[in-house]
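Protein sequences, first through last, are from chains A and B.
Counting from 1, one number per residue, gives the positions in the first sequence under the UniProt record's numbering.
Counting from 1, one number per residue, gives the positions in the second sequence under the UniProt record's numbering.
Ideal placement from N, C-alpha and C gives every residue a C-beta, glycine not left out.
Since this is a predicted model, take the numbers as computed values, not measurements.
A short write-up of the structure that comes next.
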Amino acid sequence: MATQHSRSAARIMMAPAVILLLGWMLVPLTMTLWFSFRKYLPLRGGDLGWAGFDNFTRFVSSSTFWPAVQATLIIVVGVIVVTVVLGVLLAILLDQPMWGQGIVRILVIAPFFVMPTVSALVWKNMFMDPVNGLLANLWKAFGAQPVEWLSQAPLSSIVIIVSWEWLPFATLILLTAIQSLDSEQLEAAEMDGAPLLKRFWYVVLPHLSRAITVVILIQTIFLLSIFAEIFVTTQGAFGTRTLTYLIYQRVLESQNVGLGSAGGVYAIILANIVAIFLMRIVGKNLDA
Amino acid sequence: MARDVKPRRKALNTALAWAAGLLIFFPILWPILTSFKTEGDAIASPPVLLFFDWTLENYAVVQERSDYMRYLWNSVIIAGGSTLLGLLVAVPAAWSMAFVPSKRTKDILMWMLSTKMLPAVGVLYPIYLMFIQMGLLDTRIGLVIVLMLINLPIIVWMLYTYFREIPGEILEAARMDGAGLREEILYVLTPMALPGIASTVLLNVILAWNEAFWTLNLTAANAAPLTAFIASYSSPEGLFYAKLSAASTMAIAPILILGWFSQKQLVRGLTFGAVK
Numbered sequence: 001m002a003t004q005h006s007r008s009a010a011r012i013m014m015a016p017a018v019i020l021l022l023g024w025m026l027v028p029l030t031m032t033l034w035f036s037f038r039k040y041l042p043l044r045g046g047d048l049g050w051a052g053f054d055n056f057t058r059f060v061s062s063s064t065f066w067p068a069v070q071a072t073l074i075i076v077v078g079v080i081v082v083t084v085v086l087g088v089l090l091a092i093l094l095d096q097p098m099w100g101q102g103i104v105r106i107l108v109i110a111p112f113f114v115m116p117t118v119s120a121l122v123w124k125n126m127f128m129d130p131v132n133g134l135l136a137n138l139w140k141a142f143g144a145q146p147v148e149w150l151s152q153a154p155l156s157s158i159v160i161i162v163s164w165e166w167l168p169f170a171t172l173i174l175l176t177a178i179q180s181l182d183s184e185q186l187e188a189a190e191m192d193g194a195p196l197l198k199r200f201w202y203v204v205l206p207h208l209s210r211a212i213t214v215v216i217l218i219q220t221i222f223l224l225s226i227f228a229e230i231f232v233t234t235q236g237a238f239g240t241r242t243l244t245y246l247i248y249q250r251v252l253e254s255q256n257v258g259l260g261s262a263g264g265v266y267a268i269i270l271a272n273i274v275a276i277f278l279m280r281i282v283g284k285n286l287d288a
Numbered sequence: 001m002a003r004d005v006k007p008r009r010k011a012l013n014t015a016l017a018w019a020a021g022l023l024i025f026f027p028i029l030w031p032i033l034t035s036f037k038t039e040g041d042a043i044a045s046p047p048v049l050l051f052f053d054w055t056l057e058n059y060a061v062v063q064e065r066s067d068y069m070r071y072l073w074n075s076v077i078i079a080g081g082s083t084l085l086g087l088l089v090a091v092p093a094a095w096s097m098a099f100v101p102s103k104r105t106k107d108i109l110m111w112m113l114s115t116k117m118l119p120a121v122g123v124l125y126p127i128y129l130m131f132i133q134m135g136l137l138d139t140r141i142g143l144v145i146v147l148m149l150i151n152l153p154i155i156v157w158m159l160y161t162y163f164r165e166i167p168g169e170i171l172e173a174a175r176m177d178g179a180g181l182r183e184e185i186l187y188v189l190t191p192m193a194l195p196g197i198a199s200t201v202l203l204n205v206i207l208a209w210n211e212a213f214w215t216l217n218l219t220a221a222n223a224a225p226l227t228a229f230i231a232s233y234s235s236p237e238g239l240f241y242a243k244l245s246a247a248s249t250m251a252i253a254p255i256l257i258l259g260w261f262s263q264k265q266l267v268r269g270l271t272f273g274a275v276k
């Protein structure tokens, strides 16, 4: 039983973490909110006064906004579809009895540990380069015209790179979930004569639904803010300017802090909408 | 219960899984192999996989030209420092939440998690501005602080889930045997918590090592870690495959090895205990 004494000790032990995170959250957020209502151009006159909702309307009405929304959606949805579908298949495959399971697992998980700048750089130059890249060589070997990946199919290229980075995460979580599936349940279905596809659809998939939801939500939050992959490959050219990259360019490249901050506020709201769903799932688990 | 499977099916599984595994691993294997080639072999068409003149020259050139060791050192300090600092703050917090839970413990945990969802770009300018004003721009200490703060929720959560698995009865038993608070923490709790703390450290070093938003935007020449070092290779004039490969290999090798040890903890750490 916790005594009054141990409770106040607990509060003191918690204080540093709470205060630090509170500061980390409130101070920059307040500043971003403040800037978003100012006409603020650090290199061209500094803070030029109150702007009302100007920045907010200008951010969404600028010609770069909808393409950025579109690019963001394509990347987020594309990567999620690729990683979840391949992740489920891989998780099922890795769950089967085989030789060298541990080594295969290690091979599959490896991309997760590669820093984003390295994976982007390696993919861009060594695989997707239209002259010397490995894919160009492969295309040539079949007598096809090599593809200029990053300029002809820029969004697909980014989706490929980012999917490769996140596939291990999806696979690992889905594999963990699959391993908790009661094998007797599957065997019972097998004995009742349920064919493979039906067993997958009615037994495996429902069991995985929670894990899939978690994968989708967590990935959405991280994918909404991918940065290094675009920074290294296209710098936002060829229609790969995502919302995150657009805000980055407004704030640091063109130093229009007011406008960029308004974009930042939108990004924060968007992330929060996704976060609410994720937190609900996590919270439920905490009670259990 | 081990299921009986026909050897043929097991062989098929093995072949399929190895093919998938090697395919996924190939984009890592390829630059590792290329890093031992001459620049000529690196762009040979058709490409050579294994039969080339192996050389270590690229590693020497990368170190000499770009001072790899300095970036490595920055990465070590930033990843290690932010993790240690985070641990210092998080251990007491997770400890008290796990062993002296109150009505608000759950709310506090959820709130901490929510700070992790804040998109970095939304607060880029405020942080940038504060860094300039405090003289923290392009310093290692600045990055240590920022990375500690962004990973703090994960550290607290992971530690909390580990601490909660320590049974409270053990503490009571120790108390019955006359152990004071100091002995309790030192001889009973710490040994039981060590594996959890170790996994937390491992995962956070990996996350901090690979962090590529703040490290790219808040550093220039002095404090740049390996993420920024690699990004500097993306300029067109630096396009030498073998050297690029050597640089990439050196940037990922340390963490790849650490990562393989941490794969089990990865799930718990990255899903905040939502999938176990």
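From residue i to residue j, what distance separates their C-alpha atoms?
| i | j | result |
| --- | --- | --- |
| MET1/A | ALA98/B | A caution first: MET1/A carries a pLDDT of 46, below 50, which makes its placement in the model unreliable, though a value can still be read off. Straight-line Cα distance between these residues: approximately 13 Å. |
| ASN204/B | ILE74/A | 30 Å |
| ILE77/B | THR161/B | 27 Å |
| SER156/A | PRO130/A | 15 Å |
| ILE43/B | TRP30/B | 12 Å |
| LEU216/B | LEU20/A | 23 Å |
| TYR241/B | ALA228/A | 20 Å |
| ASN272/A | LEU29/A | 13 Å |
| PHE213/B | VAL251/A | 14 Å |
| GLU169/B | MET192/B | 13 Å |
According to DSSP, simplified to helix, strand and coil, what is residue i?
| i | result |
| --- | --- |
| ASP177/B | coil |
| LYS6/B | coil |
| TRP54/B | coil |
| residue 277/B | Outside the displayed range of chain B (1 to 276) lies residue 277/B, so it cannot be described from this structure. |
| ASP182/A | coil |
| residue 297/A | Residue coverage of chain A in this structure runs from 1 to 288, which leaves residue 297/A outside it and unanswerable. |
| ILE43/B | coil |
| ASP47/A | strand |
| ARG210/A | helix |
| MET1/A | The predicted position of MET1/A is uncertain, since its pLDDT is 46 and thus under 50; a value taken from the coordinates is nonetheless stated next. MET1/A falls in the coil class under three-state DSSP. |
| TRP99/A | coil |
| PRO28/A | helix |
| ILE166/B | coil |
| GLU148/A | coil |
| ALA271/A | helix |
Below 7 Å CB to CB, which residues in the same chain sit around residue i once its five sequence neighbours on both sides are set aside?
| i | result |
| --- | --- |
| ALA93/B | VAL156 |
| ALA51/A | PHE37, ARG38, LYS39, GLY258 |
| LEU172/A | ILE109 |
| PRO154/A | THR234, PHE238, GLY239, THR240 |
| ALA120/A | ILE161, ALA228, GLU229, VAL232, THR233 |
Tell me whether residue i is buried or exposed, calling it buried when 16 or more other Cβ atoms sit within 10 Å of its Cβ.
| i | result |
| --- | --- |
| MET1/B | At MET1/B, the pLDDT of 40 sits below 50, so the modelled position is not reliable; the number obtained from the coordinates is stated separately. By the neighbour-count rule (16 or more Cβ atoms within 10 Å), MET1/B is not buried but exposed. |
| SER45/B | exposed |
| TYR202/A | exposed |
| ALA211/A | buried |
| TYR233/B | buried |
| VAL63/A | Here residue 63/A is Ser; the residue named in the question, Val, does not match the sequence. Looking at its Cβ environment, which holds fewer than 16 other Cβ atoms inside 10 Å, SER63/A is exposed. |
| GLY178/B | exposed |
| GLN249/A | buried |
| LEU186/B | exposed |
Counting only the same chain and skipping the five closest in sequence on each side, list residues whose C-beta sits under 6 Å from that of residue i.
| i | result |
| --- | --- |
| HIS207/A | LEU181 |
| ARG199/A | ALA189 |
| SER261/A | THR32, PHE35, SER36 |
| VAL62/B | TYR68, LYS243, ALA246, ALA247 |
| ASP138/B | THR219, ALA220, ASN222, ALA223 |
| ALA120/B | PHE213 |
For residue i, which residues in the same chain have their Cβ closer than 8 Å to its Cβ, ignoring the five residues on either side in sequence?
| i | result |
| --- | --- |
| PRO168/A | VAL108, ILE109, ALA110, PRO111, PHE112 |
| LEU135/A | PHE127, MET128, PRO146, VAL147, TRP149 |
Examine the ligand FAD and report whether any of its heavy atoms sits within less than 8 Å of the Cβ of residue i.
| i | result |
| --- | --- |
| PRO47/B | In the structure shown, the ligand FAD is absent, as is every other ligand, since no ligand is present at all. |
* At a Cβ cut of 7 Å, what residues of the region 3 to 22 of chain B count as close to chain A, listed as they run along the chain? -> ARG3, VAL5, LYS10, ASN13, THR14, LEU16, ALA17, TRP18, ALA20, GLY21, LEU22
* To do: Check each residue of the region 133 to 149 of chain B: if its Cβ is closer than 7 Å to any Cβ of chain A, include it; give the result in chain order.
  => LEU149
* According to a CB-to-CB cut-off of less than 7 Å, which residues of the region 208 to 225 of chain A neighbour chain B? -> ALA211, VAL214, ILE218, ILE221, LEU224, SER225
* chain A contacts made by the region 171 to 203 of chain B, where a contact means CB separation under 7 Å -> none
* Between the region 143 to 175 of chain A and chain B, which residues of the former have CB atoms less than 8 Å from a CB of the latter, in chain order? -> TRP164, LEU167, PRO168, PHE169, LEU172, ILE173
* With 9 Å as the limit, tell me which residues of the region 107 to 121 of chain B have their beta carbon closer than that to any beta carbon of chain A; keep them in chain order. => ILE108, LEU109, MET110, TRP111, MET112, LEU113, SER114, THR115, LYS116, MET117, LEU118, PRO119, ALA120, VAL121
* Asked: Relative to chain A, which residues along the region 200 to 231 of chain B have a C-beta separation below 8 Å, given in chain order?
  -> ILE206, TRP209, ASN210, ALA212, PHE213, LEU216, ASN217, LEU226, THR227, ALA228, ILE230, ALA231
* **Interface residues of the region 115 to 134 of chain A facing chain B [CB-CB below 9 Å]** => MET115, PRO116, THR117, VAL118, SER119, ALA120, LEU121, VAL122, TRP123, LYS124, ASN125, MET126, PHE127, ASP129, VAL131, ASN132, LEU134
* **Within 8 Å of chain A by C-beta, residues of the region 52 to 84 of chain B in sequence order** => none
* What residues from the region 32 to 54 of chain A come within 7 Å of chain B, judged by C-beta to C-beta, listed N to C? -> THR32, PHE35
* Which of the residues in the region 35 to 51 of chain B, read from start to end, lie with their CB under 7 Å from any CB of chain A? -> ILE43, SER45, PRO46, PRO47
* To do: Identify each residue in the region 81 to 105 of chain A for which the Cβ-Cβ distance to at least one residue of chain B is less than 8 Å, and report them in chain order.
  => LEU90, LEU93, LEU94, GLN96, PRO97, MET98, TRP99, GLY100, GLN101, ILE103, VAL104, ARG105
* Given a limit of 9 Å on CB to CB distance, which residues of the region 187 to 200 of chain A reach chain B? -> GLU187
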